[in-house]
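Remarks on the structure that follows.
There are 4 protein chains.
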Amino acid sequence: MCTIETVTHQSATGAKKKGRPRSEEVQQAILKAAATLLAERGFRALTIEDVAALAKVGKTSIYRRWPSKGILALDAFLSEFLLLQPPIDTGDLAGDLSEALSAWVKTVAGTSTGRTLVALVAEAQTDPELAVAWRETVVARARNQHRSMIDRAIDRGEIPRDSDVDVLMDMLYGPAYHRLLQGHLPLTDDFVHQVVAVVVAGAKAGSAVPSRAAKV
Amino acid sequence: MCTIETVTHQSATGAKKKGRPRSEEVQQAILKAAATLLAERGFRALTIEDVAALAKVGKTSIYRRWPSKGILALDAFLSEFLLLQPPIDTGDLAGDLSEALSAWVKTVAGTSTGRTLVALVAEAQTDPELAVAWRETVVARARNQHRSMIDRAIDRGEIPRDSDVDVLMDMLYGPAYHRLLQGHLPLTDDFVHQVVAVVVAGAKAGSAVPSRAAKV
Amino acid sequence: MCTIETVTHQSATGAKKKGRPRSEEVQQAILKAAATLLAERGFRALTIEDVAALAKVGKTSIYRRWPSKGILALDAFLSEFLLLQPPIDTGDLAGDLSEALSAWVKTVAGTSTGRTLVALVAEAQTDPELAVAWRETVVARARNQHRSMIDRAIDRGEIPRDSDVDVLMDMLYGPAYHRLLQGHLPLTDDFVHQVVAVVVAGAKAGSAVPSRAAKV
Amino acid sequence: MCTIETVTHQSATGAKKKGRPRSEEVQQAILKAAATLLAERGFRALTIEDVAALAKVGKTSIYRRWPSKGILALDAFLSEFLLLQPPIDTGDLAGDLSEALSAWVKTVAGTSTGRTLVALVAEAQTDPELAVAWRETVVARARNQHRSMIDRAIDRGEIPRDSDVDVLMDMLYGPAYHRLLQGHLPLTDDFVHQVVAVVVAGAKAGSAVPSRAAKV
DNA sequence: CCCTAAACGAGACGGTACGTCTAGTCTTATG
DNA sequence: CATAAGACTAGACGTACCGTCTCGTTTAGGG
């Protein structure tokens, strides 16, 4: 796929780069070690020292690249997560949403990837830098994908032009995140279909559900 | 109000209780200190040592009552949170849901209570004991409240008898939790009304949206 | 003998002592471990972490008592060194000085104690707290011992009453320290006797060597 | 003056020297930076990295020339120290010794040069390579100078031919080093004169103080 | 009115991980 | 080759909290 590790703190200034360049092997060894430990023991039990030891790398080589445990974990998470969220185009809104949500559920329900996702959302609450990175690399990416589904549906005339896309997307993923995080009920196929049905119905109803003051 | 601190580890064996009884003042001092520090610095920066120091209490007096930082924080959280979730009965489903969700939003959006809630959801991912306590004292309590709203709506004939209440409730609170946790968009009044509208519409449509195989 | 570990940072304020008292076993385990490592590997290779590991003790238990590696080493050094500097009274100045210097030479020449002594002198150059402790526990103690020798010699009429005791003592130990530190020549019995002879002769000549009165 | 930096690790293999020759500017920049930092912050706080940074030089350029921090510091020290130890010939033993010791005291008492000297003596205890270099460039040099003073005194008939020159020299410098290192008493002019007086007296007494077995 | 037993404040205890620092080595690209 | 820059492994530093464990001191019943 594409290069995903956009988070790493490279000097970024695109300059001439003096001195010994950062080793790509080291980079990969760290990410792999982090991913392994994340899957084995979870985010909470992840320590920089263990990552360094497993990757056979000095701690400084980690701190040089990632400012916090959270952002390192995010990178490790992304390398697994993104591969499992395929581009979707079934030619039909209900189909698109259904496939997208199903893929997401399959990736996170009962998996270590899911547990990591949850931990990252949690961590982002206290680490502002991570919060930004999370929104840019996960939330924004997902929303762009979904927005294009909805745009296609609008183009096809399935739903009204003035739909509030943001709310629709939150109503699609919100309930799923909710079950994942609260764990009160399972993320079944049936759940996915019911949610999609309600959202699609709501979307088609469209401005029949007017924002209180023609939207703020 | 009622006694909320159901979490505290009392000897429980209802026995005759020999020796010096636990001091209620100590209990309250700890909870107050925890709440203060939670509001000031957040869950992550909360340490048992700081709580003990602020409450002028030995660490053992905390560990004697609460098995973990998470459960202590939950108790401190509850004492603030529950007071702000009033019982609701407007005589109308949309009105009930709208008021309930509005009250929730008011309590958590941009407040330290909201930040603590998020941290507790996160913490519950790794602390099973906290996860249980969380579901029992927060999730179950809320769902009972909402279930009775929906039952009343069914009795009134507003929505079909075979509605999937669980999914409806997840679609009401899921999007709200989503915005709170991801922080990508604000929790506005407008958002609340749109969500309620779609959920109510979905509920009224009812089995017109059949579960894939007449429900499992 | 007497209690030597005068350096340890006890609260000292002779107060009521609240909380759990510091364990004497821990104290001794640390000192023993430090002494062992000092003998085995020398001061430079001495690590707080290794001491903690060998003594089966947390690092904090060391930092709680000793403010620096140097002062810990000083305590460990003293417990060995002081036992080997016996009180001396031969009834004769030359005899006293000779025995004292011999005992010192025997203790430090070619021994790990000697190497530690040197390292401590070195360390004291940069650690003012250690410098003070060193002067109080080693230098002052030795000088008191020697001063009483000289006082006895004065009382016996061996040397004049107005002798410059300080210079005499520096001329006794200075050359010995010099050979120990510079390592250019060995600390032999012969060396001891020659130094003692010159010092005793100098002492007896006494004010024949006028201090400042005739000056530069 | 003369080239003093005899310590530097030149390729040494007297060969034809291929490739780019080592820059003299780099050499001097490093020594100057080292001397500056030594004076400013002392030996202990001296870092190869800081020297490299201040001299605007790569760390490798330092390691290529000096095998250790100690030897680099020795070179920096020598460039200051040697200039201040002039050749002496007053035509009289007491005068020679007095002038030599006075010059030494003036150079090291309360100066950064003195502090560095002490640190080097200390460092030499653990760094054998430095110990050798120290003895060769400082101790031996000084002893040669003094030996010639004493030889002249013997030639003049001031002191007996069979004097133990080594012990005399240790008795001259030992007490001075002692006060410098232990810091228990100041290095005054008076001290210098008393020491010289005793040493000269001892020297003149000569074999009246016979080594125990006609010397070993 | 003691006696027993638990709770209490204080703080020491063995640990774990932190993030920083320095050492000495190794790669780059550029003279 | 030497050079400047800087990444590399390694490992000690001193700090912060953890959850447990003594201490000596209350504070209650129950005998």
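As given, the protein sequences belong to chains B, C, U and A, one line each in that order. Numbering-wise (this note's numbering), the first sequence opens with residue 1 and increments by one. Numbering-wise (this note's numbering), the second sequence opens with residue 1001 and increments by one. Numbering-wise (this note's numbering), the third sequence opens with residue 2001 and increments by one. Numbering-wise (this note's numbering), the fourth sequence opens with residue 3001 and increments by one. From the three backbone atoms N, C-alpha and C, an ideal C-beta is built for every residue, glycine too.
Chain C has no Cβ within less than 9 Å of the Cβ of Arg161(B).
Ala1052(C) places its beta carbon less than 9 Å from that of Ser1061(C). Residue Asp2170(U) holds the alpha-carbon nearest to the alpha-carbon of Ala2203(U) among Asp2170(U), His2178(U), Ala2109(U).
Below the 7 Å Cβ cutoff, chain C contributes Met1171, Pro1175, Val1195, Val1198 as neighbours of Met171(B), in chain order.
With respect to the 9 Å criterion, Leu1181(C) and Tyr177(B) are classified as neighbours on the basis of their beta carbons. A residue is called buried once 16 or more other Cβ atoms fall within 10 Å of its Cβ, and Leu2084(U), having fewer, is exposed. Proximity of chain A to Asp2096(U) at the Cβ level (cut-off 7 Å) is not reached, the minimal Cβ distance being about 18 Å. Straight-line spacing of the CA atoms in Ala2119(U) and Val132(B) works out to 52 Å. When the beta-carbon positions are compared, Asp3189(A) and Ala3153(A) stay at least 9 Å from each other. Look at Phe1043(C) here: in three-state DSSP terms it is coil, with no helix or strand label. Closest option to Leu2130(U), judged by alpha-carbon separation, among Arg2143(U), Gly2091(U), Pro2067(U): Pro2067(U).
Identification of chain C residues near Asp164(B) by a Cβ-Cβ cut-off of 8 Å yields Gln1194, ordered along the chain. Taken in chain order, the complete alpha helix (DSSP H) segments of 4 or more residues contained in the segment 1106 to 1182 of chain C are 1112 to 1124, 1128 to 1134, 1140 to 1155, 1165 to 1182. Taking 8 Å as the upper bound for CB-CB distance, His146(B) and Ala201(B) are not in contact here, some 17 Å apart. Counting other Cβ atoms within 10 Å of its Cβ, Arg2020(U) stays below 16 and is therefore classed as exposed. Going by C-alpha positions, Asp151(B) is about 10 Å away from Pro160(B). One Cα belongs to Glu25(B), the other to Ala3034(A), and the distance between them is close to 37 Å. Excluding residues up to 5 positions away in sequence, Ala3055, Lys3056, Val3057 lie with their Cβ nearer than 8 Å to the Cβ of Ala3029(A) in the same chain. The residues Leu3084, in chain order, have a CB closer than 8 Å to that of Lys3106(A) in the same chain once the five nearest residues on each side in sequence are set aside. Straight-line spacing of the CA atoms in Val3108(A) and Arg3064(A) works out to 30 Å. For Thr90(B), the closest Cβ of chain C is not nearer than 9 Å.
Taking C-beta atoms under 8 Å as the contact rule, Thr1116(C) and Leu1037(C) fail to qualify, at a distance of about 11 Å. If you ignore the 5 residues before and after Gly42(B), its C-beta comes within less than 8 Å of the C-beta of Ser112, Arg115, Thr116, Ala119, all in its own chain and listed in chain order.
Contact annotation, Arg2141(U) with His3184(A): C-beta distance approximately 12 Å; criterion of less than 8 Å not satisfied. In the DSSP assignment, Ser1061(C) falls within the unbroken alpha helix (DSSP H) covering 1059 to 1063. For Arg1156(C), the number of other beta carbons within 10 angstroms of its own is below 16, and it is reported as exposed. Here Thr1126(C) is not near Leu1078(C), since their CB atoms are 9 Å or more apart. Leu46(B) and Arg1044(C) have their C-alpha atoms some 16 Å from each other. DSSP places Ile88(B) outside both helix and strand once states are collapsed to three, so it counts as coil. Inter-residue distance for Val2121(U) and Val3121(A) is about 10 Å (C-alpha atoms, whole angstroms). Against chain A, the CB of Thr2107(U) has no partner CB under 9 Å away; the residue lies outside that interface. Burial state of Gly2091(U) is exposed, judged by a 10 Å Cβ sphere holding fewer than 16 other Cβ atoms.
Distances from the alpha-carbon of Glu1123(C) to those of Arg1179(C), Ile1071(C), Lys1017(C) put Ile1071(C) closest. At least one C-beta of chain U is nearer than 9 Å to the C-beta of Trp3134(A). Listed by position along chain B, the residues whose Cβ is nearer than 8 Å to that of Gln1125(C) are Arg115, Val118, Ala119, Ala122, Leu181.
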